[in-house]
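*Asks:*
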Ligand code: CO
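Residue numbers (the numbering used here): 1044 to 1179.
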């Protein structure tokens, strides 16, 4: 049986801000049995990648309290930090954002933890969710 193919963006990863990566890791590794995926550090955060089907869970622990994750955890506690959608054409997607009046955090793409180009969209344009777009 083949999976139905759907058009549009797919969920690349969900970024979860944590206080203590080593303390929460056994839940994801041993209980949910998600496989480790090596990722680079990004934006002042230590990142543990875990494969969940075709998507990743990224556990993000601030290395520096002044980093975006450090500030998020200080203000709101641990929790879902952002959702990343992979798109076919990141530049075209950012153009569509601009045309629609969507507020971008990153005006031009930069490299993310998976070594792909990414750009963040401001939560004020996305019902309060920090959205990251990435190349596939
Ligand atoms: Co991300």
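All residues carry an ideal CB built from backbone N, CA and C; glycine is no exception.
Mind reading off the beta-carbon distance from residue 1163 to residue 1052? Whole number of angstroms is fine, and I expect it under 8 Å.
*Replies:* Actually they do not touch by this definition, with Cβ atoms about 14 Å apart.
*Asks:* Which same chain residues end up closer than 8 Å to residue 1154 when comparing Cβ atoms and leaving out the 5 residues on each side of it in sequence?
*Replies:* Contacts found: 1160 and 1161.
*Asks:* Any idea which residues DSSP pairs residue 1127 with across the strands?
*Replies:* 1056 and 1175, per the DSSP bridge assignment.
*Asks:* Between residue 1088 and the rest of its own chain, which residues show a CB-CB distance below 7 Å, the 5 nearest in sequence each way excluded?
*Replies:* Correct list, in chain order: 1103, 1104, 1105, 1106, 1110 and 1112.
*Asks:* Apart from the five residues on each side of it in sequence, which residues of its chain come closer than 8 Å, Cβ to Cβ, to residue 1098?
*Replies:* Answer for residue 1098: 1053, 1054, 1055, 1056 and 1057, listed in chain order.
*Asks:* If you pair each beta-carbon of the region 1113–1122 with each one of the region 1133–1152, do three or more pairs fall below 8 Å?
*Replies:* Touching, no.
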